[in-house]
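First up is the structure itself, then whatever we jot down about it.
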Amino acid sequence: MAKFVLAGRADDPYYAKAEILADYLQKNLPDFHVFKITQHPDVWEEWLRDVCEKNKWSHKSSPIIWRELLDRGGKGLLLGGYNEFLEHAQLYYDVTSSMTTELMKAIAQENLEAHIQKELEKESLKDLIDPLQVWITSASAPACYSLIPILTSGEVFGMHTEISIALLDNKQAEKTLQNLALDAQDLVSPVLRSVSICTRMEDAFRQAHVVIILDDPRTKEVYTVEECLRSRVPLCRLYGYLIEKNARDSVRVIVGGKTFVNLKTLLLMRYAPSIAHNIVAVALGVEGQAKAAVARKMKTSPSYIKDVIIWGNISGNCYVDLRKAKIYKYESAIWGPPHFSRPVLSLVFDSEWINREFVTTLEDLTATGKQFGGMLAAHSIATTLKYWYHGSPYGEIVSLGVLSEGQFGIPEGIVFSMPVKFENGTWVVLTDLKDIEISEQTMARMTSDLMQEKLVALGDLLYFHPYQPEHEKAALTTTDDNEENQEYADVDDLDLTPKTNSENPFSQELTNDFENISMEQ
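Here the working numbering runs 580 ahead of the position in the sequence shown, where the first position is 1.
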């Protein structure tokens, strides 16, 4: 019995020609058997090198063909490439091949498409067998208690996707993690395969599909903004290194918290560059607070308010933009079906409330970090993940902190909250939105602190100097100067910059207390 192995690059025309010849021989010769292996062009060279090293062969191109001699107790016998296989067929079986170049290329393209489809099917099947690995850092934080029931409800990843949750924190929190794991198991969720705890940093993020970054654990006080900024670097560097090392290539990282969310996201991107596009910052907390404030004023449900845009620093100097905001199911003289909406600014006639009370309310909430505590933090993270996996509602604007590539005139290289939509398992910045230009003063107000945070944290700038507005309250801009309703305004430039000296809100800030956090460079 002759058993041959035919392996090649999926898009190789000569592999296609050898495949047709091998199929003909197998069909017409009862003792001729062939086993075929295709590899994607991106991994072919590495795969070929490994096979040759294992068998001590020398072969450089596609295809590679060998004969199995297992029935004789020996290893495979290398035949060679396409030319050697054709000579073998002519010599032993008196069979040759007369395939045209065009047909070879057509079959090669079909082989590549079939290979990709086969790999996708294998991954889908694997996902049905292996649960989705979800890692939560700083899992002793209060937000984690609210987050786990949402993740295990099936609403985020779907009722047909099982998940395994890994709770990561320092050794001192081990007892808390154990109790949290027991509580999670008591939920008896049909989608929860297992809950585990991890206090060894070197084991963090193993096989992770999803990583949720909550606020860092802290034990040491810091007394200046500069110390607080620089204290973020070691843990983000370690997380980035471990995510790249241990997590899956397609891992999705979502960053929440109440301080320096944009900076932490940027640092993770810096230290995990291969997955930078899959690292985002949650902005739905601020967005939810803004919607709720508008809804209270209009005496309606916050869920009826849509398309509020959060620009800039999620946990600091941001701009709450109501220019695209709509309200649904609003009881007024004009009434329509459920999909009928009206601009929010055309219905809020109290410009004093928009310019003063609305701004003050959101400023206080953001300054104290309340929007990132407990239930709202958990809901914002879970909703962002749900959109990421299943898409955001059609036509709806979502705010998300992502790395700027110069969109909307935003400087490149900083993480900035901006309008996006989720579709097909990824996010897309809505650069085609009209009438959302941001003034130079507003942009400077938002970007100055973000750029300084980055420079100070990385040691390129010694001191942090908060942006100083010309007036105490940020001006509100909602419409073009030429529009009739110019007197109405959006929430513009919340002046939420960190205080310094005796007013420094970080005087009691605590840095991480993972023991012996270090890594090789």
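Idealized CB from N, CA, C, for every residue including glycine. What you are looking at is a predicted structure, and each value in this text was computed from that prediction instead of being measured.
Asked	Found
From the DSSP output, in three-state form, read off Asp-611 for me.	coil
Report yes if the CB atom of Gly-981 is closer than 8 Å to the CB atom of Ala-861, and no otherwise.	yes
For Phe-1002, collect the residues of the same chain with a Cβ closer than 7 Å to its Cβ; drop the 5 residues on either side in sequence, then sort them by chain order.	Tyr-967, Trp-968, Gly-971, Ser-972, Val-978
Return helix, strand or coil for Ser-921, following the three-state DSSP convention.	strand
Taking only three categories from DSSP, how would you classify Glu-754?	helix
Which stretch, first to last residue, makes up the beta strand (DSSP E) that contains Met-998?	995 to 1003
Which stretch, first to last residue, makes up the alpha helix (DSSP H) that contains Gln-869?	864 to 878
Compare the C-alpha of Phe-1044 against each of Pro-923, Thr-804, Thr-1022, Ile-934 and name the closest.	Thr-804
Would you report the Cα separation of Leu-605 and Glu-667, rounded to the nearest angstrom?	14 Å
With distances taken from CA atoms, which of Tyr-851, Ile-792, Asp-901, Ser-883 is nearest Ser-921?	Ser-883
Cβ of Asp-901 within 8 Å of Cβ of Ile-1016?	yes
What does DSSP give as the partner residue(s) for Val-982 in the beta ladder?	Phe-996
Do you know whose CA, among Val-1036, Ala-688, Ile-894, Lys-755, lies nearest Gln-619's CA?	Ala-688
Looking only at its chain, what residues have a beta carbon closer than 8 Å to the beta carbon of Asn-858, apart from the 5 residues adjacent to it on each side?	Ser-830, Val-831, Arg-832, Val-833
Ile-977 bridges to which residues according to DSSP?	Looking at the DSSP assignment, Ile-977 forms no beta bridge with any residue, so it has no partner.
For the beta strand (DSSP E) holding Ala-1037, just list the boundary residues, first then last.	That residue, Ala-1037, is in no beta strand (DSSP E); its alpha helix (DSSP H) goes 1020 to 1037.
Using 8 Å as the threshold, is the C-beta distance between Ile-600 and Met-679 below it?	yes
What number of angstroms, rounded off, separates the C-alpha of Glu-976 from the C-alpha of Asp-592?	44 Å
Using 8 Å as the threshold, is the region 907 to 919 in touch with the region 836 to 854, meaning 3 or more CB pairs across them?	no
Quick check on the DSSP output: the beta strand (DSSP E) that includes Ala-962 runs from which residue to which?	Ala-962 -> not in any beta strand (DSSP E); alpha helix (DSSP H) instead, spanning 954 to 970.
In three-state terms, what does DSSP make of Ala-788?	coil
Any contact of the region 880 to 897 with the region 984 to 1001, i.e. 3+ C-beta pairs under 8 Å?	yes
If distances are taken between C-alpha atoms only, which option among Leu-760, Leu-628, Gln-869, Leu-747 comes closest to Ile-617?	Leu-628
Assuming Ala-957 contacts Gly-865 (C-beta within less than 8 Å), just tell me the rounded distance between them.	6 Å
Starting from Arg-903 and walking both ways along the alpha helix (DSSP H), at which residues does that stretch end?	Looking at the DSSP string, Arg-903 is not in any alpha helix (DSSP H), and its letter there is neither H nor E.
Answer yes or no: do Leu-757 and Ser-720 have a C-beta to C-beta separation smaller than 8 Å?	yes
Measure how close the beta-carbons of Ala-598 and Tyr-662 come, nearest whole angstrom, since I'm counting them as under 8 Å.	5 Å
Pick from Ala-962, Pro-999, Thr-1011, Pro-918: whose alpha carbon is nearest that of Ile-728?	Ala-962
Name the residue from Arg-786, Gln-765, Leu-586, Asp-622 whose alpha carbon lies nearest to the alpha carbon of Leu-748.	Arg-786
Whose CA, out of Phe-615, Ala-872, Pro-918, lies closest to the CA of Phe-938?	Ala-872
For the beta strand (DSSP E) that Arg-647 lies in, which residues bound it at each end?	644 to 647
Tell me the rounded alpha-carbon separation between Thr-839 and Arg-812.	10 Å
Using three-state DSSP, classify Ile-914 as helix, strand or coil.	coil
Whole angstroms are fine: how far does the CA of Ile-745 sit from the CA of Leu-1042?	40 Å
Quick one, which of Lys-640, Asn-608, Ser-733 has its alpha-carbon nearest Asp-674's?	Asn-608
Would you identify the three-state DSSP class for Ala-827, choosing helix, strand or coil?	coil
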